[in-house]
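Single-structure report; data block below.
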Amino acid sequence: GNGFTVHYAAEATTGILSAAVLELKAACSINLTPSHNPLDYGGFKFNAADGGPAQPVVTDYITRQANKLIKQGSVPRATADNDLQHPCNAMSHWQSLVRKGKASHHLDYDAILNHLNGRDDIAVIVDCVHGSSKSSIKDFFLNCQPDFLTFFRTSADPTFGGIAPEPTAANMAKVKNTLAQRQEPLKLGVIMDPDADRIRLTDGTTDIDMNHFGAMSYHFLHEEKGLNGMVAKTVATSNFVNTIAESFHEEIFEPRVGFKEFKPVIDKALVCFEESDGMTVRGHTPEKDAYIGLLLALDLILSTNKNLGAYLSELQEKYGYYFPAKDSISVSRKGDDLLDTLAQLDKYQPGTSLKVGGKEHLIEQIINIDGHKIILDDGSWLMIRPSGTEPKVRFYVEARSAAATKDLFTCAKGLLSQIGLA
Numbered sequence: 001g002n003g004f005t006v007h008y009a010a011e012a013t014t015g016i017l018s019a020a021v022l023e024l025k026a027a028c029s030i031n032l033t034p035s036h037n038p039l040d041y042g043g044f045k046f047n048a049a050d051g052g053p054a055q056p057v058v059t060d061y062i063t064r065q066a067n068k069l070i071k072q073g074s075v076p077r078a079t080a081d082n083d084l085q086h087p088c089n090a091m092s093h094w095q096s097l098v099r100k101g102k103a104s105h106h107l108d109y110d111a112i113l114n115h116l117n118g119r120d121d122i123a124v125i126v127d128c129v130h131g132s133s134k135s136s137i138k139d140f141f142l143n144c145q146p147d148f149l150t151f152f153r154t155s156a157d158p159t160f161g162g163i164a165p166e167p168t169a170a171n172m173a174k175v176k177n178t179l180a181q182r183q184e185p186l187k188l189g190v191i192m193d194p195d196a197d198r199i200r201l202t203d204g205t206t207d208i209d210m211n212h213f214g215a216m217s218y219h220f221l222h223e224e225k226g227l228n229g230m231v232a233k234t235v236a237t238s239n240f241v242n243t244i245a246e247s248f249h250e251e252i253f254e255p256r257v258g259f260k261e262f263k264p265v266i267d268k269a270l271v272c273f274e275e276s277d278g279m280t281v282r283g284h285t286p287e288k289d290a291y292i293g294l295l296l297a298l299d300l301i302l303s304t305n306k307n308l309g310a311y312l313s314e315l316q317e318k319y320g321y322y323f324p325a326k327d328s329i330s331v332s333r334k335g336d337d338l339l340d341t342l343a344q345l346d347k348y349q350p351g352t353s354l355k356v357g358g359k360e361h362l363i364e365q366i367i368n369i370d371g372h373k374i375i376l377d378d379g380s381w382l383m384i385r386p387s388g389t390e391p392k393v394r395f396y397v398e399a400r401s402a403a404a405t406k407d408l409f410t411c412a413k414g415l416l417s418q419i420g421l422a
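In terms of UniProt numbering, the sequence shown opens at residue 1 and continues consecutively.
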């Protein structure tokens, strides 16, 4: 071999491995996972020495070398050096990092879990979807009594029950329905994807996606925990948090899609999050982590004695209602040909108008760091961008009323039809 010391963590989540990299001062972590995808998407997730997603210059090199080995049809193998292999309790490193980060994020891990253990008015359900969290979720809860804790899908099943194991509302139906039957006044249900870097939440009545939970988390840390600082969210994520941050006179960092884009502000932003259900907090890892989201949700509920839906409703009454949604279409064009086609949307500029639901709306702002995001005069918006991984064009919309969401989708598809993509 090459003399590298290997810390073997066995089954571990992406967030836990990221924490272990930082605590062990390791060069990288390697995680074999399909992430939020079905079994046949199983892949190689590589995190760099800072614990965060590696940059394309690194992952492209790995891809090229892997493809060369596949083409050769054989892989050179070295005899294992057992002296260089060390079993690693990666969860203990995650716990250590969270405790060390308390001054930055004000999440007191032990105090939160002790508070939880002393309550008899809360029910908590966690759905692991047969993923890696099943090996560490009980350790997350420390010494909490099991009577108010319920865990779903904790058995080994590499097919994830035959589903696409994303943290969607449909996949969380069992959690939500079971929680609704519980008698405790406070309720928290969560579902994670297989490598537990994504999380979705519910209180048994209201579904909370990351578009809303990220904003709630920022408000909670800023107002309830007394922290000041900016917020970071990707350009395809709801503007709900923008309104909250603007009311605090705080900065908003809004990069292109991809968690690695948060690196410039990872030590500054109170919360970094994206609409695809990933988040982290200041003082934690630069990687998205479902466990830190779970800890934050527990702290919010226990500190305020409010369910997530009630907390969200209060924010919506104060800051307004936002209805984000997304969809995609398959396209035959790709590469520069697709980009040139989408460039035809450049004719839509501030000051021009766009018809949505039969009504003309003035375009107030264009953001083109990742596709085309068109912000209208009523605060609604639509965004069109090519997928980075599939032959698809994705479009995201956000309306100020539930009824208007369909009109924005129709408008987005109409724009694609105009340029020959729908």
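Glycine residues also receive a C-beta, built at the ideal position from the N, C-alpha and C atoms.
CB-CB length for residue i against residue j, believed under 8 Å
| i | j | result |
| --- | --- | --- |
| S217 | V265 | Their Cβ separation, rounded to whole angstroms, is 16 Å, which puts S217 and V265 out of contact at 8 Å. |
| L345 | I244 | Actually they do not touch by this definition, with Cβ atoms about 29 Å apart. |
| K176 | G204 | 6 Å |
| D337 | H361 | The Cβ separation is near 30 Å, so there is no contact. |
| Q85 | V21 | Q85 to V21, Cβ: 17 Å. No contact. |
| A196 | S132 | 6 Å |
For residue j and residue i, the rounded distance between their alpha carbons
| i | j | result |
| --- | --- | --- |
| P386 | K392 | 6 Å |
| K347 | A297 | 43 Å |
| R333 | S96 | 48 Å |
| Q55 | T389 | 15 Å |
| G379 | F323 | 11 Å |
| L116 | C144 | 7 Å |
| A123 | L149 | 6 Å |
| Y291 | W94 | 9 Å |
| D198 | G351 | Per the sequence shown, residue 198 should be read as Arg rather than Asp. Each residue's alpha carbon lies about 38 Å from the other. |
| A412 | P255 | 21 Å |
| K263 | E287 | 9 Å |
| L415 | A164 | 30 Å |
| N211 | F240 | 8 Å |
| G320 | A399 | 11 Å |
| residue 437 | E261 | The requested residue 437 does not occur in the structure, where the chain is confined to residues 1 to 422. |
| A310 | I16 | 31 Å |
| N82 | Y8 | 11 Å |
| M230 | D50 | 21 Å |
| L354 | D40 | 41 Å |
| H372 | A66 | 34 Å |
| R119 | D147 | 11 Å |
| A232 | F213 | 13 Å |
| V57 | T234 | 21 Å |
Limits of the unbroken beta strand (DSSP E) element including residue i
| i | result |
| --- | --- |
| T410 | Counting along the chain, T410 falls outside any beta strand (DSSP E), though it belongs to the alpha helix (DSSP H) covering 404 to 418. |
| S328 | 323 to 330 |
| K373 | 372 to 376 |
| A123 | 122 to 127 |
| I199 | 199 to 202 |
| F152 | 149 to 152 |
Any C-beta of chain D under 8 Å from that of residue i
| i | result |
| --- | --- |
| K233 | Within the model displayed, chain D is absent; a lone protein chain is all it includes. |
DSSP three-state assignment for residue i, whether helix, strand or coil
| i | result |
| --- | --- |
| Q344 | helix |
| H175 | The sequence as given places Val at residue 175; His does not occur at that position. It is helical. |
| H361 | strand |
| G189 | strand |
| I367 | strand |
| D207 | strand |
| K134 | helix |
| F213 | helix |
| I384 | strand |
| L227 | coil |
| S353 | strand |
| L142 | coil |
| K334 | coil |
N- and C-terminal bounds of the alpha helix (DSSP H) containing residue i
| i | result |
| --- | --- |
| H7 | Element bounds for H7: not the alpha helix (DSSP H) but the beta strand (DSSP E), 6 to 8. |
| S401 | Careful: S401 lies outside any alpha helix (DSSP H) and carries neither H nor E. |
| L113 | 109 to 117 |
### Query
Which full runs of the alpha helix (DSSP H) of 4+ residues lie inside the stretch 229 to 313, going along the chain?
240 to 247, 290 to 304
### Whole runs of the beta strand (DSSP E) within the stretch 15 to 101, excluding any shorter than 3 residues
29 to 33, 43 to 47, 85 to 87
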